[in-house]
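Undergrad:
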Amino acid sequence: MSETILKVQDIHKSYGDLEVLKGISFEVKQGETKVIIGPSGTGKSTLLRCINQLTPPDKGCIWLNGVELTDHKVDINKARSSIGMVFQDFNLFAHLKALDNVLIGLIKVKKMEKQKATELAVEELRRVGLEDKASSYPAELSGGQQQRLSIARALAMNPKLILFDEPTSALDPELIGEVLEVMISLAREGMTMLVVSHEMGFARSVANEIIFMENGVIIEEGPPRQLFSRPKHKRTGEFLNKITELYGESGK
Amino acid sequence: MSEINFIWYTLLPSLLEGAVITLQVIVISIPAGLIIGILMAVGRIYGNKFISLMCTGYVAFFRGTPLLVQLFILYYGLPSIGIFFSPFMAAVIGFSLCSGAYHSEYLRGAIQSIKIGQMMAARSIGMNRFRAILHIILPQALRRAIPGCSNEIIYLIKYSSLAFMVTCVELTGAAKIIAGRYFKYMEIFLVVGAIYLIVVSIANKFLNGLEKKLRIPGLEMGK
Ligand SMILES: Nc1ncnc2c1ncn2[C@@H]1O[C@H](COP(=O)(O)OP(=O)(O)OP(=O)(O)O)[C@@H](O)[C@H]1O
Ligand SMILES: [Mg+2]
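Read top to bottom, the protein sequences are chains A and B.
So for the first sequence, our numbering puts the first residue at 65; every next one is plus one.
So for the second sequence, our numbering puts the first residue at 69; every next one is plus one.
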């Protein structure tokens, strides 16, 4: 049994009167890929932001590698640097060239020397197939290239876990494949990933488990095959059917 | 002949002396104003309630009162509570403070135009707020604020002539003294106007060049 990287326990989060997360608990083990699905407004993005404490939860605990991130004494910036985050709309640093987007964390956060950092950054660009785009600005890249660059930026920090928040939903359909390919190869290389996505082809081919969330709670959690063939809850089946219809099965 | 002597031996030397003071005033006030502007804008947006309120108050005061009144307070008012500035210092301080208030408005708009995702992404790779502001937010905001801040810098060059009101004899002041002595207002102030025009044109060219040089695809104004 591999060790637990991420442990999420009874997370609650409200915005004003609206309780967005109502007690979320789950674990992610070393090398696992978990895919979170659920209707819009269910709190999936909020959950990811709670995990790396960009949005501190109101209640509950998060552990990363046994370190409690919800503990106020923890150096949260340091902890956060070991959790990658990939956003729906990329959020690349608009004023920095592709290479510098990858470099900046190594130099400003990890305090690495320029030369060593550059070698590493170039390596990460190669890993996502962007070595020839090193000196392009984000706005000069296609959506798919931008998202791959943002994955490289996350990878450069040598994260223990990468959070993906709908990484392909801002992309034109023909660009989704190249991003999923990168994610699939990461999963196969043993990267630990927590992915909010409705790309069921991706989920079926690499997810160890799918988590179905609705209205701030986890309705059901299990291996893709089980959820697709015999979901315990009627809602799970309905939702899976709906998104398979909507998104198809790309990324297989 | 005496006309040429007048221009060469009397007018030019004193205008030149004044112009040097003007240049000194603006060369100090421009960067000082920019720094104040950056601090105020960042303080207003990212500071806690108290800091934010202080910065808002600062900007409201310096944008809401005439510059001349500010200069008079600095030069004639403060001595009554034991603070004395030389005319030159009073002018530089006044221009920097006032210009800072205007810069901060342009910068505040520019910072607010940057998507919240930039801050989130910066934090997500482990930058603290200070680093994220310094390395991610400000480089983008400053670029977007260049047109507005350039405008303010051009204004500053021209309102530096108000320094004379606190007895700092810069270009306009020097000209006024000579013009009064020889009754040659028309000629002298046409020359002075031309000098300002030249300085402003040079500054404009420089600022436009800077804007072009720093331009980054995807970071243009209004994007
Ligand atoms: N900063 C915020 N302030 C107030 N309300 C918020 C904030 N962030 C999210 N919410 C609310 O919380 C709820 C959950 O939002 P969240 O973005 O986590 O949902 P989601 O599951 O990611 O949805 P989607 O699939 O549309 O991305 C929504 O009702 C949203 O309006
Ligand atoms: Mg979301």
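Ideal Cβ placement from N, Cα and C applies to all residues, glycine included.
Since the structure is predicted, the reported quantities are computational estimates derived from the model, not experimental observations.
Report the partner residues of G148(A) according to the DSSP bridge assignment.
TA: I226(A), per the DSSP bridge assignment.
Undergrad: Between T106(A) and ligand 1, is the CB less than 6 Å from at least one heavy atom?
TA: Flag set: Cβ of T106(A) near ligand 1.
Undergrad: Quick one: is P81(B) near chain A, going by C-beta distance under 7 Å?
TA: So, not an interface residue.
Undergrad: For the region 98 to 139 of chain A, list the alpha helix (DSSP H) runs that are entirely contained and at least 4 residues long, ordered along the chain.
TA: If we require 4 residues or more, the alpha helix (DSSP H) runs fully inside the region 98 to 139 of chain A come out as 108 to 115.
Undergrad: If you drop the 5 nearest sequence neighbours on each side, which residues of the same chain put their C-beta closer than 8 Å to that of D74(A)?
TA: Closer than 8 Å at Cβ, skipping near neighbours: G87, I88, S89, K123, G124, C125.
Undergrad: Between M187(B) and chain A, is the shortest Cβ-Cβ distance under 7 Å, so that the two count as touching?
TA: Answer no: the Cβ-Cβ gap between M187(B) and chain A never drops below 7 Å.
Undergrad: With a threshold of 6 Å (Cβ to nearest heavy atom), would S109(A) be considered close to ligand 1?
TA: Answer for S109(A): yes, Cβ within range of ligand 1.
Undergrad: In this structure, how does DSSP classify V246(A) when only helix, strand and coil are distinguished?
TA: In this structure, V246(A) counts as helix in the three-state DSSP scheme.
Undergrad: Using three-state DSSP, classify T68(A) as helix, strand or coil.
TA: Note: T68(A) maps to strand in three-state DSSP.
Undergrad: Is the number of C-beta pairs between the region 203 to 222 of chain A and the region 139 to 151 of chain A that are closer than 8 Å three or more?
TA: With a cut-off of 8 Å, the region 139 to 151 of chain A and the region 203 to 222 of chain A count as touching, because enough Cβ pairs lie within range.
Undergrad: Keeping to the same chain, check which residues put their C-beta closer than 8 Å to that of A247(B); ignore five residues upstream and five downstream.
TA: Only Y253, I256, F257 meet the Cβ criterion.
Undergrad: Determine the direct distance from the alpha carbon of G162(B) to that of L142(B), and round the result to whole angstroms.
TA: So the alpha carbons of these two residues sit roughly 7 Å apart.
Undergrad: Are the CB atoms of Q211(A) and P231(A) nearer to each other than 7 Å?
TA: Contact: yes.
Undergrad: At the level of alpha carbons, what is the spacing between L225(A) and I171(A)?
TA: Approximately 20 Å between the Cα atoms of the pair.
Undergrad: Out of curiosity, what's the CA-to-CA distance linking V93(B) and E288(B)?
TA: If you take the alpha carbons of V93(B) and E288(B), they lie about 32 Å apart.
Undergrad: Give me the Cα-Cα distance between G315(A) and L189(A), rounded to the nearest whole angstrom.
TA: Unreliable placement is indicated for G315(A), whose pLDDT of 42 sits below 50; the coordinate value is still reported in the next sentence. In a straight line, the C-alpha of G315(A) is about 21 Å away from that of L189(A).
Undergrad: Pick out whichever of L239(B), S181(B), I119(B) has its Cα sitting closest to the Cα of Q208(B).
TA: The shortest C-alpha separation from Q208(B) is found at S181(B).
Undergrad: Which one of L82(A), S78(A), E91(A), D81(A) has the shortest CA to CA distance from S66(A)?
TA: For the residues L82(A), S78(A), E91(A), D81(A), the minimum Cα distance to S66(A) belongs to E91(A).
Undergrad: Since C217(B) and Y174(B) are thought to touch, with beta carbons under 8 Å apart, how far apart are those beta carbons, to the nearest angstrom?
TA: Contact holds; Cβ gap of about 5 Å.
Undergrad: Three or more beta-carbon pairs under 8 Å between the region 99 to 106 of chain A and the region 275 to 285 of chain A, yes or no?
TA: Touching, yes.
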